[in-house]
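There are 2 protein chains.
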Amino acid sequence: MARVIKTKVEIEGRVHEETVVVEGDEPAAWEEGREYSVVGKPANRVDGRERVTGAARYTYDVNLPGMLHAAVLRSPHAHARVLSIDTSEAERLPGVRAVVTRDEADIDWYGDSGKLFDSTMRFIGDDVAAVAADDLDIAHDALKLIKVEYEVLPAVLSIEEAAKPGALEIHPRGNIIQHNGHNGELYSRGSVEKGFKSAEVIVEGTYRTSTQMHNSLETHGSVAMWEGEELTIWESTQYIFGVRERVARALNMPLSKVRVICEYMGGGFGSKGSTFKQAVIAALLARIARRPVKLMLDRREENTLVGNRGETVQKYRIGATRDGLITAIDLEAMTGVGIYATWAASVAGPAQDLYKCANVRTLTLGVRTNMGSQAAFRAPGYVEGMFGLESAIDELCEKLGMDPVDFRRKNHSDVDHSSGQNYSSKHLLACYDRSLELIGLGSGAALPVRGSLPSNGPWRRGMGLASQTWGGGGGPPAHALVRINPDGTVEVHCGMQDIGTGTKTALSQIAAEELGVPLDSIRFRLGDTQKAPFGPASWGSITTPSVGPAVRMAAEDARKQLLEIASFFMETPASSLQLVDGWVTTEGRPEGRKPLTEILDEIGDYMVTGKGYRGPNPTEPIRTWGAQIAEVEVNIETGQVRVLKIAAVHDVGRVINPKGLASQFYGGILQGMGFGLTEERKVDVRTGQVLNASLDEYKVPTIADTPIMLVEAIDKADTLANHIGSKGSGEPPIIPTAAAIANAVYNATGARVKELPMTPRRVLAALGELRDRQEGITSN
Amino acid sequence: MARVIKTKVEIEGRVHEETVVVEGDEPAAWEEGREYSVVGKPANRVDGRERVTGAARYTYDVNLPGMLHAAVLRSPHAHARVLSIDTSEAERLPGVRAVVTRDEADIDWYGDSGKLFDSTMRFIGDDVAAVAADDLDIAHDALKLIKVEYEVLPAVLSIEEAAKPGALEIHPRGNIIQHNGHNGELYSRGSVEKGFKSAEVIVEGTYRTSTQMHNSLETHGSVAMWEGEELTIWESTQYIFGVRERVARALNMPLSKVRVICEYMGGGFGSKGSTFKQAVIAALLARIARRPVKLMLDRREENTLVGNRGETVQKYRIGATRDGLITAIDLEAMTGVGIYATWAASVAGPAQDLYKCANVRTLTLGVRTNMGSQAAFRAPGYVEGMFGLESAIDELCEKLGMDPVDFRRKNHSDVDHSSGQNYSSKHLLACYDRSLELIGLGSGAALPVRGSLPSNGPWRRGMGLASQTWGGGGGPPAHALVRINPDGTVEVHCGMQDIGTGTKTALSQIAAEELGVPLDSIRFRLGDTQKAPFGPASWGSITTPSVGPAVRMAAEDARKQLLEIASFFMETPASSLQLVDGWVTTEGRPEGRKPLTEILDEIGDYMVTGKGYRGPNPTEPIRTWGAQIAEVEVNIETGQVRVLKIAAVHDVGRVINPKGLASQFYGGILQGMGFGLTEERKVDVRTGQVLNASLDEYKVPTIADTPIMLVEAIDKADTLANHIGSKGSGEPPIIPTAAAIANAVYNATGARVKELPMTPRRVLAALGELRDRQEGITSN
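Chains as they are written, first to last, in this note's numbering: chain R, 1 to 780; chain B, 781 to 1560.
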């Protein structure tokens, strides 16, 4: 009997209402403390061999007979009108098989704000025309033969300029993203005015972060193939069902005739959560040419077209009592969202959620410019916002003369301010304690006083801490099927994708555990909209908590059926049978056990199929928590910052695969280091051209930059959140890293760097300011 | 709650026990006489467009990047020992990428009776070695460079010789297939001795049929591709799960790592029900070469290696009372099964099942020779056996001076002799009546007396009738899933295959009917072991009755869920809601209806999945029935037989798609005509070489041979058989055709041709014998 239930799901800092159709009972929660066979044990990637041997087929590896290669002609102007396009010469070039422009494809892409090939170009890289040819060189040659007449328009390239009253409007919906008819998004609880009145100490500061580019190892790209009226798209995506929907809508096709495949994926970090134009362009070209078409972005396109973490300017004002209780937090922030984004990342999330504070006001503006649009980037908003908040808190502690950890303990809350409810679980205090232990200070210890760690010539040493909060509770919808083969091997089907995070492995462990079979019996099938029921996007750290329970429920369903079948042949009630490590065992009669394969032999070709779905969330808010302590050295002569060590402890509920989780932590920390120290998009302010769109110009951390990373999870099941007890772990580890490093730099030098990345130039400037101030003070 | 039930399933004349796991209730049977929207209405092939435009990808059309082409070196001797193989020169040929012989692959293939590459060659075409090369020409050139030393052994080429006591043993298990330790298969009920004692009239005769070759439009073939440890096989097969099992076993792989795909298939007629060597050979070559390999058989290989309908010799003796009641049937038959077959077709089926007769004895011998093995061929055994039986019955009628239809009505039975139970349904008498009407004689009429139809010069006209019986009830296991997309389109998943018969269309109709959506909303996905749960082999006319109920049950499950969901949003009890043509309607409130898509919008990405399986069969025996009347002209000077008209009426339960069913009838009749008149494998009796293995030498009927075909089904639901009421229809129409033609030839000329095909030579010989006999009689 199916019933409909509405439930709330938080994804990337925003709460959605989802509808679940409930059939039958979900399994009871996995108990804490029970002995598990597979879950919680470190497991190698189930597809590690395929990945390292090259057998894994990424979108880039898809090659089809007769396949053409496509390239896109892009606007060289940040703002321009296309007056005419002449493709005739390009079409005559031998080897060119299809050309498409706005004349062949008049397709809405950005709602009412822009077409697939628009007549107005709104950033450098906007799509003018596309060509498919026998090889990529011919395609590029053909692009050069397309004659386009532009009327160049004035462009707006900085968020400050775009946000000014009376600024040139560069987008049909205005330069500032609207919420409920107002510029920006206002959040308020209590009264900040009252809060500041009762404050005894107030800090104020403006913090800035730069535009970070995702730089996933695999660029965005598509291969499109038509078979009659059916279209198959191979796409490097975090959301195969999203691509299916978007492509079907653009091409006006029924969903049942579009298939999207992404079996292996080389990272997305959020940028591949939405569908970009290349899938539709490839499909259009393939339809014209009647041959498959591959359209992969190159690194420059990747870094200019398909998203970034937009720059921010965050003005914080925080008040507290003398004994260290926060009385008010006020934040005004601007985020650069590029041209076509319809939402801005939740920079204000940390200010709203991290500390117990009755009076909070945040106003965040998403500001458009004639630049490539932002996209979700691993914990969008929270990474930026946490840097600002935790820097300001650190300044507040300094002003109060309080230990930063003590201060945080004091302002800790088990209650969620927005809902007034207790969190489903919160082990943040344990994260502080354990990170202090890991960094070598000892649980309950204070952080070293500024400047107290030994220096080494010009190298000053310091430690800094920052906290983490984030959603990651997941929720419906997600479906899974479990199929038992006659030889006892198991195939799990779910229409999700493993974007490189190792969810395939963790979900295989969940299936193996619930079924009572060895891990290597499981083949987890994902990344194909035609093979499996709906799976959610791989974003918002939702995969394990959303899909895991669906997989477990499907496995439980299959296991129950297997035991009922075994009951018939073993003449024992199903209730006294168990599946353990591939054997059906009888309670108290170890000699009566039978291999599962023997039972399966009895039923021949009959194939047991278990079905599961993700049930509704509890009403309690679900969040992940964590703390990181960075130990750094700063060269006060060169401004260079070296990260020596990072201790990271996060509360992400039950750990399914400690090995996979550690990888997430390592990756998050490194990406956070890049954000904090080296990564910064550089733009030619006259033209809007990105100057460092390649990987030799743009500096992501390398193995040489890697510090000692001491990572650990508070492995406590959140049984309220869902019946596997896990929360998501993909985004949490990146959130506090840059903030912890900034606080450590301050701890080492006394200089507060308020703009990321903390390049040597900025560190030296902060040191200079400090010196000036100190000299000013002494000269007073 | 899953329960286990054992049930009997008849496939190709043999009864198997199957185990079903029952969960929940199957739907109630579709009522007779209700108004159906989609079921029972003629529908065009749902994939007709793909098939005629070339978009449909058959195995032959699978081309993969870097794909190699393979060819097999085959034994030129009918019996020989391989002393040595030297492939060194072949390996050196540029473009050769892999060579495989028994040295590289020591794999059991025929149980203990033969290997993939055996050291003993047992027929011309047996596999010696295989080569994969850049193209097929190079592969063939390489084969010529392989040096093989043979020790030629004496061969046994005729079944008469092979069956002789003391004959040379050519197979490890003997020359005659054993049943329960005896030569051949003995069936007996009552006492034929007693039966013949009480007989007043006895006929005796020996009937022979020749070896018929399947000649499916698409030959057998495979493409193998490895991705890491996973193997994908595209195979032109009637049984994807069978290929998966066989390949996994041969290569010692878990089932979960082998995927078999056959989305479109160009006919099999039984020959593609079992797995031949090419899939494994292609997989081995692909593993060595690390590239995909295609191995398609050519027409000659097709006609010598992968099956045929073996020749038969049938000695019938039938007794009856003067008033036309059969008292005894005795049959001794031999079937040529080639070298490796482990079973012989059920030539005795008609003798056992067609008529009410208490005393029946049949002994059938499957005899091995050094020739290519037989395979199931559309109603194996019954086509051959029906020719013998119905010819003998016709002779009996002649002797009794009874009208053949009257005689058959008299010996009709509603009770199955073996089980003593009534058939689930039997409308054979209606088939006789309706076929008499269709041929223009009128229901209840007698057939024209021999020689009574007007002749035209040397052309003599006659009519003959024959009956049909066959299983076709299907049964478990079969599974299906129905998935509802957010836009209301539907995907049905089942791991079966449409071998060209149009089951995809019929099953789509079943899903559309049960869901209450238009037929074009349905996409039926089949032919992929990885996309769908288990579906049975496409053989034994079981597909519609086996899979149809599973599809309906899955659709019902999805419909119920949809209505329960609709109930929530429409605030109306689900029990008073219906799904009609894509609308959710409220009983008695037509204004309150809502499009299904509106309900789906409410649940967003939540995807309704319905699950269904084929439940157990009833204990009643399930059979299909039919009658055909042929009208022919025989040229008594040239011996040529022209079929003018065939009226065919079959009882196959409820008709799902009348258009598809008619195609099955047309095809069956034509193939039956080929068997009766032109198709005959010719063998060089000294060497065992097949002399007419190509389509220009071997005569299948063409459009020029096509008679007027008046086809009809008794469209009565068999609600006992399963809840859709359908029985299978693929094989029934071929069964009586040759027998009806033979009886018509007799009716036209008085000459009884006792050997098929009735070539002009054989017809002339029979006419000559008749003349001799008549002259003999007059000279007496």
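Backbone N, C-alpha and C fix where the C-beta goes; we use that ideal spot for every residue, glycine too.
query	result
Measure how close the beta-carbons of B/ILE1041 and B/ASP1308 come, nearest whole angstrom, since I'm counting them as under 8 Å.	5 Å
I need the straight-line Cα distance from B/SER721 to B/LEU1490, nearest angstrom please.	A question about residue 721 of chain B goes unanswered here, because the residues of chain B that appear run from 781 up to 1560.
Tell me, please, whether the CB atom of R/ALA2 is closer than 8 Å to any CB atom in chain B?	yes
Under 8 Å between the Cβ atoms of B/GLY1328 and B/ILE1279?	no
Below 8 Å on the Cβ atoms is my guess for B/GLY1275 versus B/PHE1021; work out the distance and round it to an integer in Å.	6 Å
Give the straight-line distance between the Cα atoms of B/GLY1165 and B/GLU1112, rounded to the nearest whole angstrom.	11 Å
Helix, strand or coil: which one does DSSP assign to B/HIS796?	strand
Measuring only the C-alpha atoms, how far is R/VAL517 from R/ALA558?	12 Å
What is the C-beta distance between B/ASN955 and B/ALA942, in whole angstroms, given that I count them as a contact (C-beta under 8 Å)?	5 Å
Which residues share a DSSP beta bridge with B/HIS959?	B/HIS962
With contact counted as at least three CB pairs below 8 Å, one residue from each stretch, are the stretch 304 to 319 of chain R and the stretch 135 to 145 of chain R in contact?	no
Could you check what DSSP says for R/ASP498 in three-state terms: helix, strand or coil?	coil
Counting only the same chain and skipping the five closest in sequence on each side, list residues whose C-beta sits under 6 Å from that of B/ARG1303.	GLU1271
Using a beta-carbon distance below 8 Å, is B/LEU1380 in contact with chain R?	no
Alpha carbon to alpha carbon, how far is B/SER1559 from B/ALA1546?	Here the model assigns B/SER1559 a pLDDT of 49, short of 50, so the residue's position is not dependable, and the following value carries that caveat. Each residue's Cα considered, the two are about 19 Å apart.
Output the distance between the C-alpha atoms of B/LYS1496 and B/LYS1425, rounded to the nearest integer angstrom.	25 Å
Please classify B/GLY828 as buried or exposed, where buried requires at least 16 neighbouring CB atoms within 10 angstroms.	exposed
Can you find a C-beta in chain B that's less than 8 Å from the C-beta of R/THR59?	no
Which residues mark the beginning and the end of the alpha helix (DSSP H) in which R/GLU302 is found?	299 to 305
Anything in the stretch 235 to 260 of chain R with a Cβ closer than 8 Å to a Cβ of chain B? List those residues in chain order, please.	PHE241, GLU245, ALA248, PRO254, LEU255, SER256 and LYS257
Indicate the three-state DSSP secondary structure (helix, strand or coil) for R/MET553 in the structure shown.	helix
Residues of chain R with a CB under 9 Å from the CB of B/TYR1478: which are they?	Here the premise fails: no neighbours, minimum Cβ distance about 33 Å.
Whole-angstrom Cβ separation of B/GLU1571 and B/PRO1540, contact assumed at under 8 Å?	Because chain B is modelled from 781 through 1560, residue 1571 of chain B falls outside the range shown and cannot be assessed.
Counting pairs of beta carbons, one from the stretch 1516 to 1526 of chain B and one from the stretch 966 to 982 of chain B, are three or more of them closer than 8 Å?	no
Return helix, strand or coil for R/LEU295, following the three-state DSSP convention.	strand
Below 7 Å between beta carbons is the criterion; list the residues of the stretch 525 to 558 of chain R that meet it against any residue of chain B, in chain order.	ARG525, GLN530, LYS531, PRO533 and PHE534
Which of the three DSSP states is assigned to R/LYS410 in this structure?	helix
Determine the burial state of R/MET1: buried for a count of at least 16 other Cβ atoms within 10 Å of its Cβ, exposed for fewer.	exposed
Determine the extent of the beta strand (DSSP E) in which B/PHE1304 is found, giving its start and end residues.	1302 to 1305
Quick check on R/HIS140: does DSSP put it in helix, strand or coil?	helix
Could you have a look at R/TYR207 and say whether DSSP puts it in helix, strand or coil?	strand
Between the Cα of R/GLU35 and those of R/THR544, R/GLU514, R/PRO573 and R/GLN561, spot the shortest distance and give me the residue it belongs to.	R/GLU514
Between B/ASN843 and chain R, is there a C-beta pair that is closer than 8 Å?	yes
What are the boundary residues of the beta strand (DSSP E) that includes R/ILE809?	Outside the displayed span of chain R (1 to 780) sits residue 809 of chain R, for which this structure offers no information.
Give me the chain R residues within the contact set of B/PHE1348, using Cβ-Cβ distance strictly less than 7 Å, ordered along the chain.	VAL4
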